[in-house]
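Just so we're aligned, residue 1 is where the sequence shown starts under UniProt numbering, counting upward by one. Note that beta-carbon positions come from the ideal geometry of N, C-alpha and C, so glycine has one too. Keep in mind it's a predicted model, so treat the numbers as computed, not measured. All remarks here apply to the structure that follows.
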Amino acid sequence: MCAEMEAIGSFDLHLPNGLIIILENCHYAPTITRGVVSVSRLVNKGFSHCFKDYGLSISMNNIIYFNAITVNDVYEIDMCDSTLPIVNSMYSISNKKAKSSLDSSYLWHYRLAHIDKKCITKLEKDGILKSMDNEPYDKCESCISGKMTKKHFSHKTEKVNDVLGLIHTDVCGPLRHVSKKGASYFITFTDDYSRYGYVYLLKHKHEVSKTFKVFKNEVENQLGKTIKALRSDRGGEYISQEFKDYLKACGIVQQLTPPYTPQHNGVSERRNRTLLNMLQSMMSLTTLPLSFWYYALETPARIINMVPTKGYLKETMGYYFYYPPENKVVVERYADFLEREFILQKESGRTVELEDEDTIPSENTSEHPIEAESLALTIEEDVVPV
């Protein structure tokens, strides 16, 4: 086809996901109604292309810019597809079996950070969730890759008869990726009576004493009761003389488990394992940088305490959104999630391992000799209210 060309210049290609690609050296011919984009030119600009069963995917820095589907043997940019599959997939997502219903049990399994089927069934029985299709999800690849563990120890203990009668605690980390807030660890405090849990970020283990004081002040003030006993392993952060003296001054009995017996601190070990399982399963479905793991951690922590819930901060009602062009996290109160399109995706995300190796549910997760991969932290604020 021959056509008269009137101009040469740049063109801003606006994509359905809000991203823009600036196309250089574009030739404008008014008589040609269909534009042509050179894949090789995009590759030269640093883009990557990947051929899928649905067509072609163009991405950069693990962020998909657009899909192209075949129409009459020609790849056309899908300008209507706002839900894009994820590059670097290693597993074919089993949610392709799910029905396109927003009340699908499979979709609720994803919404609630991959909780098990018994919890979903109980929520439906109690009338909290609508009657669902009971679509099986025992082969959810995100759960398989994120929750692999060895067999647990059989160990039973008697529970106390009031809140704050006994607090279980443990430190998890260091994780492979430093969070955007500079943390490599997190610490959990779990009430033995209610099993209500709290989670805090730590940059270093020596912050345990200071963090416990913050936790103690909050729960004792809110509940009008005092902590009677604290159970932990014999990690250096718990057996320092300063920490022992503080507990003694507060009248708190310190229960230290025997060496090399993490099963005796099973409540905290299982809590940390559950949080990591849910966290890794959630992160595997995203293309977010792994330094964002703390934002995801807040959601399973709250879900475990009060199902169902949304991943809100106590003081903020809103959703977190990551804005890649400016590398910022923003908070928005209103959001429209295209879940119907999500459950029809053909592929899931990457395999995420925040720990160096798999551990048993009651293993001492506070001692993993892993060197965290230091990631550059931005100087700007992590969360920007809008």
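Check: C-beta atoms of aspartate 162 and lysine 225 nearer than 9 Å; Outcome: yes
Check: Histidine 109 - containing alpha helix (DSSP H), residue span; Outcome: 105-111
Check: Glutamate 269 classed as buried or exposed, judged by whether at least 16 other C-beta atoms fall within 10 angstroms; Outcome: buried
Check: Inter-residue spacing [alpha-carbon to alpha-carbon] between aspartate 81 and cysteine 119; Outcome: Low confidence applies here, because aspartate 81 scores a pLDDT of 46, under 50, leaving its location unreliable; read the following figure in that light. If I take the Cα positions, the gap works out to 33 Å.
Check: Proline 174 classed as buried or exposed, judged by whether at least 16 other C-beta atoms fall within 10 angstroms; Outcome: buried
Check: At least 3 beta-carbon pairs within less than 8 Å: the region 163-171 vs the region 219-233; Outcome: yes
Check: Environment of isoleucine 304 [buried if 16+ CB atoms lie within 10 Å]; Outcome: buried
Check: Range covered by the alpha helix (DSSP H) that runs through threonine 274; Outcome: 266-283
Check: Under the three-state DSSP convention, the category tyrosine 260 falls into; Outcome: coil
Check: Spatial distance of leucine 19 from proline 289 (CA atoms); Outcome: 18 Å
Check: Residues that threonine 169 bridges to, as DSSP identifies them; Outcome: Phe189
Check: DSSP state of valine 36 mapped onto helix, strand, coil; Outcome: coil
Check: Extent of the continuous beta strand (DSSP E) run through leucine 23; Outcome: 20-28
Check: Classification of proline 300 by the beta-carbon crowding that lies within 10 angstroms, buried from 16 upward; Outcome: buried
Check: Nonlocal neighbours in the same chain, by C-beta distance under 8 Å from histidine 109, ignoring five residues either side; Outcome: Ile115, Lys117, Ile120, Tyr137 and Cys140
Check: CB-CB length for glutamate 4 against threonine 33, believed under 8 Å; Outcome: Incorrect: roughly 14 Å between the Cβ atoms, too far for contact.
Check: Local Cβ density within 10 Å of residue 389, reported as buried at 16 or more and exposed below that; Outcome: The structure shown has nothing for residue 389, since the chain only spans 1 to 386.
Check: At least three beta-carbon pairs within less than 8 Å, the region 238-254 to the region 266-281; Outcome: no
Check: Residue burial classification, cysteine 143 (beta-carbon count within 10 angstroms, cutoff 16); Outcome: buried
Check: Buried versus exposed, by CB contacts within 10 Å (16 or more), threonine 70; Outcome: exposed
Check: Cβ separation of residue 388 and tyrosine 294, assumed to be a contact under 8 Å, to the nearest whole Å; Outcome: Here the chain covers residues 1 to 386 and nothing more, so residue 388 does not appear.
Check: Distance between tyrosine 198 and isoleucine 360 (C-alpha atoms, nearest Å); Outcome: Residue placement at isoleucine 360 is flagged as unreliable, the pLDDT there being 42, under the threshold of 50; the coordinate-derived value follows with that caveat. If you take the alpha carbons of isoleucine 360 and tyrosine 198, they lie about 22 Å apart.
Check: Contacts around phenylalanine 292, its chain only, beta-carbon distance under 7 Å, and the 5 residues preceding and following it disregarded; Outcome: Lys180 and Tyr322
Check: Three-way DSSP call (helix, strand, coil) for asparagine 327 in this model; Outcome: coil
Check: Alpha carbon of glutamate 237 to alpha carbon of leucine 202, nearest angstrom; Outcome: 12 Å
Check: Integer Cβ distance of alanine 335 from tyrosine 319, believed to fall under 8 Å; Outcome: 5 Å
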